[in-house]
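So the sequence shown is numbered by the numbering used here: it starts at 9 and just counts up by one.
So the structure is just underneath, and the comments pick up after that.
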Amino acid sequence: TNHRHKIAMAMLLRNLIVIHDDADLPKGEIRISKDRGTAGHKGLDSIVGNIKTKDFTRIRLGVRPKNYIPGSKSLKRFVLKKFSKAEEKIVKEVLIKTNQAIETILKKGLMETMNKFNA
């Protein structure tokens, strides 16, 4: 049964899609990737630590403000603050784009989705 459990877990992980914020991407952009390092993202560190692999699909949502200068202000302040009205509009657009990306992954596969959304 342990062997069956490992096979079932591998099948589930192959289909895992993790959606997370990414401070390296400008606010409003998304990028789709697979089998990447965590880049110090605490949530991803936790996921990878628990499932013991980084081989899963990610949809990264950009949160970096346009005028952000690395080291000048805490990025945590930007990530944790409430959205402005303009930012709420961006969030809605990103959620629509993310939903379309998930549907495309399911219907056409990861490579075609990456080609379409990462362009």
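All C-beta atoms in this analysis are idealised placements derived from N, C-alpha and C, irrespective of residue type, glycine included.
>> On the DSSP letters alone, give me the boundaries of the beta strand (DSSP E) that A31 sits inside.
In response: Membership of A31 in the beta strand (DSSP E) is indicated by the continuous run I25 to P34.
>> Taking 8 Å as the cut-off, does the segment 90–97 touch the segment 10–26 (at least 3 CB pairs, one atom from each stretch)?
In response: Because the criterion of three Cβ pairs below 8 Å is not met, the segment 10–26 and the segment 90–97 do not touch.
>> Can you list, in chain order, the residues of its chain with a C-beta nearer than 8 Å to that of G36? Leave out the 5 residues immediately preceding and following it.
In response: G70, I98, E101 and V102
> So R12 is in the alpha helix (DSSP H); what residue range does that whole segment cover?
Replying inline: N10 to R22
>> Restricting to Cα atoms, I'd like to know which of H28, L33 and P34 is closest to I55.
In response: H28
>> In the DSSP output, which residue or residues are listed as bridge partners for L69?
In response: D29 and I38
>> For Q108, tell me which candidate among N10, I67 and K42 has the shortest Cα-Cα distance.
In response: I67
> Given that a residue counts as buried once 16 or more other Cβ atoms are within 10 Å of its Cβ, and exposed if not, what is R12?
Replying inline: Burial is judged here by how many other beta carbons sit within 10 angstroms of a residue's own beta carbon; R12 has fewer than 16 and is exposed.
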